[in-house]
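As given, the protein sequences belong to chains A and B, one line each in that order. Residue numbers for the first sequence follow the numbering used here, so the first one is 1 and each next one is one higher. Residue numbers for the second sequence follow the numbering used here, so the first one is 1 and each next one is one higher.
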Amino acid sequence: MFMLTELEEDALKEFFNMGLGMAADSLSQMVDNEVLLSLPQLKVASFQEAARMLVENQNEKLVAVRQNFKGELGGTALLIFPGAESLELVRTLLSEDMPLEVLTELEQETLLDVGNVILNAFLESFTQMMSVSFEFESAEFLKGNSNFLLDITSHMAAQERSLMKGSVAEHERAVVLMMDFKTSDEEQKEHTLSGFVVLLFSREALVILKRELDTILSML
Amino acid sequence: MESKTALIVDDSSLARMMVRKIFATSFKDWTLKEAKDGQDALNVVDGASLDLALVDFNMPGMNGIELAEKLMEKQPGLSIHLVTANIQERMRMRAEGMGVGFIKKPINPQKISEIMSVLNG
């Protein structure tokens, strides 16, 4: 089983924290409100376990923007909102008095734009200290429960491995990094937003990630 | 010359290691005290006089702003800097409103040098 040392986990969490800091700044500017961040949680889990972790946090219908990235470091970043929250975000960004039907129509397009900005800020900062290169695929808009969002068959990294090796990737382990955020309710009690960011890596990516972490740590 | 003392408070070992390396390389005459959270910091300081405190914001227990307030009570006039990944404008304003410096992570030698030049100036 793939293991990260305590120090490697610590470093990974700190990079995640830095990435989320940048992402929160982008979101904060968009919603003109402070975004409060939780402490990062990290777990090396299978994709199935990852789905269960998400269920524990939210079991209602979720809306997500998924950004796959590939190259030296392959994986998936997800920006997830509980369903009602995403409409709230769209309302905050567009107009307070927009009818629900119009909001719903604009939900996908708006969230893709927002997700793109936030996840790019996050991933660029996350990899700032590493020497790996990667490229983004187009962001996707997803709606469903947590099992669906982390579905192994739709997960790019797992899918590629499955296709290449002809193996069932169910037992693949992934690093799952998760962090909650919510907007400050000091100013707009009725319009607080919350959601979370999840980062998944395939096992191949984990090997590269571990190598990068070791290089960085060996210089300190 | 009497050795000066800096305190670094961060729940991340990596973040503390980065600061430790910068001090070991560029500010060898400084003594560095380390703490992993606010409570630990208050125990580590325990009445000792500091010349500089570098404090993370997002930590278990009290956050960096709360810790800065306590450090200010203990030692008015202490040079305190929030070293954080949380770079939102409101956070910066809150810190600067209290007279606390604001440094974006990751920390690097140049950022510490800038603080030192103000301290020595």
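Ideal placement from N, C-alpha and C gives every residue a C-beta, glycine not left out. Being a predicted model, the structure only gives us computed values, none of them experimental.
Straight across, the Cα-Cα distance linking A:T76 with A:L111 is about 17 Å. DSSP links A:R66 through a beta bridge to A:L78 and A:E140.
For A:Q41, no Cβ of chain B is located within less than 9 Å of the residue's own Cβ. Bridge partners of B:T5 according to DSSP: B:T31. If you look at B:T25, you'll find it in the alpha helix (DSSP H) that goes S13 to S26. Under the Cβ criterion of 9 Å, A:V65 is not counted among the residues facing chain B. For A:I208, same chain residues with a beta-carbon under 7 Å away, outside a window of 5 residues either side, are E72, L73 and V132 in chain order. Shown here, A:T127 sits in coil according to DSSP, grouped into three states, outside any helix or strand. Look at A:D10 here: in three-state DSSP terms it is helix. Here B:L7 has K33, L50 and A53 as same chain residues with Cβ atoms under 6 Å from its own Cβ, once five neighbours each way along the sequence are excluded. For B:A41, the enclosing alpha helix (DSSP H) covers residues G38 to V45. In chain order, K36, D37, D56, M59 and P60 place their CB closer than 7 Å to the CB of B:D11, counting only its own chain and leaving out the 5 sequence neighbours on each side. Put simply, of A:M179, A:L149, A:L177 and A:F136 the residue whose alpha carbon is nearest the alpha carbon of A:V63 is A:L149. Interface annotation, A:V198: not in contact with chain B, CB-CB separation never under 9 Å.
Counting along the chain, the unbroken alpha helix (DSSP H) around A:S218 starts and ends at R203 to S218. By the Cβ criterion, the region 18 to 28 of chain A is in contact with the region 115 to 129 of chain A, since at least three pairs of Cβ atoms, one from each stretch, lie closer than 8 Å.
A:L119 sits away from A:L87, with the two beta carbons spaced by 9 Å or more. In this structure, the beta-carbon distance from A:S194 to A:E124 does not fall below 9 Å. Cβ contact annotation for B:N63 (same chain, cutoff 8 Å, sequence separation greater than five): G38 and F57, in chain order. Assigned with DSSP and collapsed to three states, A:F122 falls in helix. Inclusion of A:M179 and A:P82 in the CB contact set at 9 Å is not warranted, their separation being larger than that value. For B:L7, the closest Cβ of chain A is not nearer than 9 Å. Residue environment analysis places A:Q29 among the exposed positions, since fewer than 16 neighbouring C-beta atoms fall within 10 angstroms of its C-beta. Judged by their CB atoms, B:K111 and B:A85 are not nearer to each other than the 9 Å cut-off. In this structure A:N17 is buried. Its beta-carbon is surrounded by 16 or more other beta-carbon atoms within 10 angstroms.
When the five nearest sequence neighbours on each side are left out, the beta carbons in the same chain lying within less than 7 Å of the beta carbon of A:L37 are those of L20, A24, M179 and F181, in order along the chain. Contact annotation: A:L7 and B:M18 have beta-carbon atoms that are not nearer than 9 Å.
When CB distances to chain A are screened at a threshold of 8 Å, the residues of the region 78 to 99 of chain B falling below it are T84, A85, N86, I87, Q88, E89, R90 and M91, in chain order.
Pairing A:L213 with A:A11 gives a Cβ-Cβ distance under 9 Å. Rounded to whole angstroms, the gap between the alpha carbons of A:V65 and B:E114 is 40 Å.
Around the C-beta of A:T183, 16 or more other C-beta atoms lie within 10 Å, and the residue is accordingly described as buried. Shown here, B:I65 sits in a helix according to DSSP, grouped into three states.
Close CB contacts of A:G115 within its chain, under the 6 Å cut and outside five residues either way in sequence, are with V65, L79 and A139 (chain order).
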